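Structure first, then comments.
Residue numbers (my numbering): 1 to 99.
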């Protein structure tokens, strides 16, 4: 990994953490408008982070592990509540195929 790629990933992580703080701040709001905006921004940033780590030049067992850690870190709580829901869409079927 080049230094520039490393620093880009660090910048993305810093930005994701900042957005995560804003999400926690706006969870208590009556209006979900800002919360939804920050969640969308977080999804975009996390997606960019994953895309960079999964790029052909960086893909490795270590990068996949780092992706897993990022998902656990930034979506761990949401995944716990999601696991308790039933869902019959294609993603749910893929999840079952993984078990």
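Beta carbons are placed, not taken as given, at the ideal position from N, Cα and C, and that holds for glycine. The model shown is predicted, which means the values in this text are computed figures rather than measured ones.
Just mark residue i as buried or exposed, buried being the case when its beta carbon has 16 or more other beta carbons within 10 Å.
i          : result
residue 91 : exposed
residue 2  : exposed
residue 64 : exposed
residue 24 : exposed
residue 9  : buried
residue 42 : buried
Assuming residue i and residue j form a contact by the criterion Cβ under 8 Å, report the distance between their Cβ atoms to the nearest whole angstrom.
i          : j          : result
residue 67 : residue 53 : 5 Å
Leaving out five residues on either side along the sequence, give the residues of the same chain with a beta carbon under 6 Å from the beta carbon of residue i.
i          : result
residue 18 : none
Residues in its own chain within less than 7 Å of residue i by CB, not counting five upstream and five downstream?
i          : result
residue 4  : none
residue 45 : 12, 15, 16, 19
Apart from the five residues on each side of it in sequence, which residues of its chain come closer than 8 Å, Cβ to Cβ, to residue i?
i          : result
residue 26 : 34, 35, 38
**Message:** I'd like the ranges of any beta strand (DSSP E) spanning at least 3 consecutive residues and lying wholly in the region 43-67.
**Reply:** Annotation note: the region 43-67 contains no uninterrupted beta strand (DSSP E) run of length 3 or greater.
**Asked** Does the region 56-63 come close enough to the region 19-32 to have 3 or more Cβ pairs within less than 8 Å?
**Response** For the pair of segments examined, the region 56-63 was found not to touch the region 19-32: the number of CB pairs separated by less than 8 Å stays below three.
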